[in-house]
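In UniProt numbering, the protein residues as written are 2 to 502.
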Amino acid sequence: AQARISVDPDRPIGEIHRRLYGSFVEHMGRCVYTGIFEPGHPAADEHGLRQDVMELVRELGVTTVRYPGGNFVSNYRWEDGVGPVAERPRRLELAWHTTEPNTFGTDEFMEWCRQADIEPMMAINLGTRGETEAVELLDYVNGTASTQVSDRRRANGHPEPYGVRMWCLGNEMDGPWQVGHKNAEDYAYLALSTARAMRMVDSGLELVACGSAAWEMPTFGDWERTVLDLAYDEVDYISLHRYVDPGTQDRASFLAAGVDLDRFIEGVIATADAVGAKHRSDKKIMLSVDEWNVWRLSEWTAIEGTFDPDDWPEAAPRIEDRYTGADALVVGGLLISLLRHADRVKAAAQAQLVNVIAPIMTERGGRAWRQTIFHPFAIASRIARGRAYDAVVASPRTPTERFGEVDALDAVVTWDEDSSTGSLLALNRSLDEPVELSAALGGLGVSRVSGARIIAPTDLDAVNTADEPEAVVPVPHEVDLVDGLATTVLPPASWLAVELA
Ligand code: AHR
Numbered sequence: 002a003q004a005r006i007s008v009d010p011d012r013p014i015g016e017i018h019r020r021l022y023g024s025f026v027e028h029m030g031r032c033v034y035t036g037i038f039e040p041g042h043p044a045a046d047e048h049g050l051r052q053d054v055m056e057l058v059r060e061l062g063v064t065t066v067r068y069p070g071g072n073f074v075s076n077y078r079w080e081d082g083v084g085p086v087a088e089r090p091r092r093l094e095l096a097w098h099t100t101e102p103n104t105f106g107t108d109e110f111m112e113w114c115r116q117a118d119i120e121p122m123m124a125i126n127l128g129t130r131g132e133t134e135a136v137e138l139l140d141y142v143n144g145t146a147s148t149q150v151s152d153r154r155r156a157n158g159h160p161e162p163y164g165v166r167m168w169c170l171g172n173e174m175d176g177p178w179q180v181g182h183k184n185a186e187d188y189a190y191l192a193l194s195t196a197r198a199m200r201m202v203d204s205g206l207e208l209v210a211c212g213s214a215a216w217e218m219p220t221f222g223d224w225e226r227t228v229l230d231l232a233y234d235e236v237d238y239i240s241l242h243r244y245v246d247p248g249t250q251d252r253a254s255f256l257a258a259g260v261d262l263d264r265f266i267e268g269v270i271a272t273a274d275a276v277g278a279k280h281r282s283d284k285k286i287m288l289s290v291d292e293w294n295v296w297r298l299s300e301w302t303a304i305e306g307t308f309d310p311d312d313w314p315e316a317a318p319r320i321e322d323r324y325t326g327a328d329a330l331v332v333g334g335l336l337i338s339l340l341r342h343a344d345r346v347k348a349a350a351q352a353q354l355v356n357v358i359a360p361i362m363t364e365r366g367g368r369a370w371r372q373t374i375f376h377p378f379a380i381a382s383r384i385a386r387g388r389a390y391d392a393v394v395a396s397p398r399t400p401t402e403r404f405g406e407v408d409a410l411d412a413v414v415t416w417d418e419d420s421s422t423g424s425l426l427a428l429n430r431s432l433d434e435p436v437e438l439s440a441a442l443g444g445l446g447v448s449r450v451s452g453a454r455i456i457a458p459t460d461l462d463a464v465n466t467a468d469e470p471e472a473v474v475p476v477p478h479e480v481d482l483v484d485g486l487a488t489t490v491l492p493p494a495s496w497l498a499v500e501l502a
């Protein structure tokens with residue numbers, strides 16, 4: 002079957018914000034402990050930061066990292082994680098039923114970000130805490146005046162403020178599983194007054210209000226409307242979280258997960274803009290898709306709540322999904338969907354970074370390797386920069402149980418004027434039909450293909466392991482370009498990344 006792509010060079014979707022390639026580090030399972038941080042590991046530096054993981058994080062091209070949760074943050078006392086390590090308290094960690102040793106905290110995270118050249122994105126606890134603690138954390142992190150709180154940072158060996166710009170006002174506060182879960186009105190008032198207090202410290206902060214933890218939440222829509230109606234002028238972003246579970250749908254629907262993310266994103270934009278219109282506001286609220294990924298969520302919900310009340314392990318494995326070839330294609334498709342909304346999605350965080358539903362896996366004391374989903378992210382973050390363009394696709398259709406017939410081919414085109422380089426990212430969602438693709442890219446000024454790689458797993462269930470880390474990897478692919486027309490063939494179930502110059 003044949004598919005055609007055309008791009009109007011005068012109609013970009015928008016600038017791709019560098020924060021679109023964000024990730025997420027939660028104090029959960031082995032993401033921090035034995036993930037990014039493992040004192041005594043042969044590859045750890047004097048701060049206990051694993052440099053083997055650090056190298057993979059750099060290769061992944063992550064630009065910003067949300068921290069420290071997640072569900073964890075809603076019962077977290079940030080003060081527990083600063084100061085002399087020997088004096089830090091051990092606490093019950095309620096969200097994931099573990100013990101939190103607090104040997105890693107805000108200053109260690111900032112050091113990790115510094116080394117990785119990553120912008121920190123902080124989340125504050127609006128589950129069990131409020132304005133006072135938020136302002137104190139802000140003062141600890143960014144404070145320039147001499148106060149009791151910011152002097153603690155100095156006394157802890159960090160004279161310079163960290164200058165964190167982006168702050169999430171809580172996490173998934175619409176979820177009944179959240180410690181301190183609230184209804185929309187209560188959360189809206191707390192978010193508003195916390196935002197106002199934080200802006201009294203620094204009016205230039207970028208603040209994210211919690212939107213829906215999932216599209217399926219019964220409160221979806223009403224929640225966003227209520228929160229934004231009250232806090233429209235005080236926040237810059239509304240968050241949305243999307244996890245795609247291969248265990249609850251047919252494979253064709255799973256490969257078409259971008260359809261579902263497109264609808265979710267567009268639903269949030271419509272809701273935010275309806276509130277903006279009601280307020281007669283010129284301001285547009287941006288979207289922070291600050292948790293997204295493939296997650297076998299149904300496997301977690303089956304065991305959630307079954308933990309032994311006497312067993313509170315430290316750094317215990319939690320949701321360590323082993324990603325397949327099919328999962329890599331879906332992550333590639335979700336990236337296309339995010340890029341297609343680059344005008345409004347100005348931040349995103351793949352959840353999470355290491356071990357916990359993560360592109361990077363580690364062994365305690367041992368090796369680190371790339372999961373299958375590492376590859377589409379690493380490629381996109383490197384080549385899909387500048388502006389995103391709507392790729393108008395004329396495509397054969399393919400059947401799915403959830404969405405009916407969808408375009409077999411999904412694609413986005415990017416072009417960066419500064420470097421005169423760009424990309425074409427394309428997913429063939431059909432499980433059995435190849436797609437012959439021709440893409441008219443000349444209008445953008447494309448003169449050559451400087452590289453092309455494809456993920457086309459022969460076994461969609463194959464996984465990368467420490468012993469066999471390259472079962473699913475991208476391989477070079479033939480793409481021709483004549484007079485601005487790129488032509489190639491995508492085999493069934495494949496994700497292609499073409500580098501343009
Ligand atoms: O990323 C795992 C969890 O998923 C996060 O803690 C929470 O915010 C979401 O439900």
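Ideal Cβ positions, reconstructed from N, Cα and C, are used throughout, including at glycine.
Please return the same chain residues whose Cβ sits closer than 8 Å to the Cβ of residue i, not counting the five positions on each side in sequence.
i, result
"Pro470", "Trp370, Arg371"
"Glu112", "His48, Leu50"
"Ser254", "Thr401, Glu402, Arg403, Phe404"
Can you check DSSP and say which residues form a bridge with residue i?
i, result
"Ala487", "Ala440, Leu482"
"Ser495", "Asn429"
"Pro13", "Tyr390"
"residue 503", "The structure shown has nothing for residue 503, since the chain only spans 2 to 502."
"Tyr244", "Asn294"
"Val450", "Leu501"
"Leu410", "Asn429"
"Pro477", "Arg454"
Excluding the five sequence neighbours on either side, which residues of its own chain have a C-beta within less than 7 Å of the C-beta of residue i, listed in chain order?
i, result
"Ile358", "Asn294, Trp296, Ile320, Asp322, Ala352"
"Ile119", "Val63, Thr64, Thr65, Val66"
"Ala196", "Leu170, Leu208, Ala232, Glu235, Val236"
"Thr189", "A quick correction: the sequence has Ala, not Thr, at residue 189. Correct list, in chain order: Thr227, Val228, Leu231, Ala232."
"Gly205", "none"
"Pro377", "Ala329, Val332, Gly333, Leu336, Ile456, Trp496"
"Glu186", "Thr227"
"Asp433", "Pro493"
"Ala214", "Glu173, Asp175, Gly176, His242"
"Glu258", "First, the residue type needs correcting, since residue 258 is Ala and not Glu in the sequence shown. Excluding residues within five positions, the ones whose Cβ falls inside 7 Å are Val245, Val331, Gly334, Leu335."
Can you find the residues in the same chain that come closer than 6 Å, C-beta to C-beta, to residue i, ignoring five residues on each side of it along the sequence?
i, result
"Cys169", "Ala124, Val209"
"Ala381", "Leu336"
"Trp216", "Phe265"
"residue 507", "With the chain covering only 2 through 502, there is no way to say anything about residue 507."
"Asp53", "Ala44, Ala369"
"Thr104", "Val86"
Should residue i be labelled buried (16 or more other beta-carbon atoms within 10 Å of its own) or exposed?
i, result
"Ile304", "exposed"
"His342", "buried"
"Leu497", "buried"
"Lys279", "exposed"
"Ala350", "buried"
"Val473", "buried"
"Leu354", "buried"
"Gln179", "buried"
"Ala87", "exposed"
"Val483", "exposed"
"Asp311", "exposed"
"Glu101", "buried"
"Arg12", "exposed"
What does the alpha-carbon distance come out to for the pair residue i and residue j?
i, j, result
"Tyr141", "Ala156", "11 Å"
"Glu500", "Leu425", "7 Å"
"Val202", "Met122", "17 Å"
"Trp486", "Lys284", "First, the amino acid is wrong: residue 486 is Leu here, not Trp. Looking at the two C-alpha atoms, the distance is approximately 39 Å."
"Thr99", "Val26", "16 Å"
"Leu57", "Phe38", "14 Å"
"residue 503", "Glu364", "Residue coverage of the chain in this structure runs from 2 to 502, which leaves residue 503 outside it and unanswerable."
"Arg449", "Thr107", "46 Å"
"Phe375", "Pro475", "10 Å"
"Val83", "His159", "11 Å"
"Trp313", "Met199", "35 Å"
"Ser194", "Gly23", "27 Å"
"Leu288", "Gly222", "14 Å"
"Gly144", "Ala275", "37 Å"
"Thr220", "Ser240", "14 Å"
"Val260", "Arg252", "14 Å"
"Glu292", "Tyr163", "24 Å"
"Asp411", "Arg78", "44 Å"
"Pro69", "Gly41", "23 Å"
"Ala117", "His18", "19 Å"
"Cys32", "Asn356", "5 Å"
"Pro318", "Pro90", "22 Å"
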